[in-house]
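**Q** Numbering (our numbering), first residue to last: 900 to 1064.
#1: So who's on the other strand from residue 925, going by DSSP bridges?
#2: Taking 7 angstroms as the limit between beta carbons, can you name the residues of its chain near residue 974, skipping five residues before and five after?
#3: Let me know the beta strand (DSSP E) ranges lying completely inside the segment 918-1000, each 3 residues or longer, listed in chain order.
#4: Using only the alpha-carbon positions, how far apart do residue 927 and residue 1016 sit?
#5: Going by Cα to Cα distance, which pick from 956, 997, 1000 and 1025 is closest to residue 990?
#6: Find the nearest neighbour of residue 1037 within the set 1054, 998 and 961, judged by alpha-carbon distance.
#7: Once DSSP output is grouped into helix, strand and coil, what is the label at residue 1031?
#8: Leaving out five residues before and five after residue 900 in sequence, what residues of the same chain have Cβ atoms less than 7 angstroms from its Cβ?
#9: Contact defined as beta carbons within less than 8 angstroms: I believe residue 980 pairs with residue 945. What is the distance between those atoms, to the nearest angstrom?
#10: Counting C-beta neighbours from all protein chains within 10 Å, is the total for residue 963 16 or more, i.e. buried, or is it exposed?
#11: Using a Cβ-Cβ cut-off of 8 angstroms (strictly less than) and excluding sequence neighbours within five positions of residue 993, which residues of its own chain qualify?
#12: Could you give the first and the last residue of the continuous alpha helix (DSSP H) run that contains residue 1019?
#13: Starting from residue 909, trace the beta strand (DSSP E) in both directions and tell me its first and last residue.
Here it is in structure tokens:
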């Protein structure tokens, strides 16, 4: 069976024995490994009602490989819901260059220097993250706080291990 091409606004349900979670596909970013940007919903109760899922609100976002997750049976398509106008934009991430140690703001195809030290506001910008389906499931099920802690811990350890300054 051929996999249907994903469409902006597609809503997916995580396939897990113990947990129920949902996410929506926003866009594919050719500037970041061709990753599919997803927003995770707050909904954690079983439902096929797309309006109920949408009404639960969005929690956090990151990149994954949606079609790979479908092939691996990690999630399934429930339907398509138009992305609300206030959410229909390219999101902001932060990223640290290993060579210089400098932080940057990334927004789709734009990269702007922040510097070495982050302000409290800049520290709140999510670290850019691409998760293959298995890692994505862990982030989605465990939620926003888990996602933030894991990405900050990983970035700190990775930078310390690989920094060139």
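Here a beta-carbon is modelled for each residue, glycine too, at the ideal position from N, C-alpha and C.
Being a predicted model, the structure only gives us computed values, none of them experimental.
**A** On the basis of the data shown:
#1: Answer by DSSP bridge pairing: none, since residue 925 is not bridged.
#2: Excluding sequence neighbours, residue 974 sits near 911, 912, 913, 914 and 968.
#3: As far as the segment 918-1000 is concerned, its whole beta strand (DSSP E) runs of at least 3 residues are 921-928, 934-940, 957-963, 974-979 and 992-995.
#4: Going by the C-alpha atoms only, they are around 30 angstroms apart.
#5: Taking only the C-alpha atoms, the option nearest residue 990 is 1025.
#6: Among 1054, 998 and 961, the Cα nearest to that of residue 1037 is on 961.
#7: Residue state, collapsed to three classes: coil.
#8: With a pLDDT of 46 at residue 900, under the threshold of 50, the modelled position of this residue cannot be trusted, and the question is left open.
#9: With a Cβ gap of about 18 angstroms, residue 980 and residue 945 do not count as contacting.
#10: Label assigned to residue 963: buried.
#11: Contacts found: 1002, 1003, 1004, 1005, 1013, 1017, 1021, 1024, 1025, 1026 and 1027.
#12: Per DSSP, residue 1019 is one residue of the alpha helix (DSSP H) stretching across 1019-1022.
#13: Note, residue 909: beta strand (DSSP E), 909-913.
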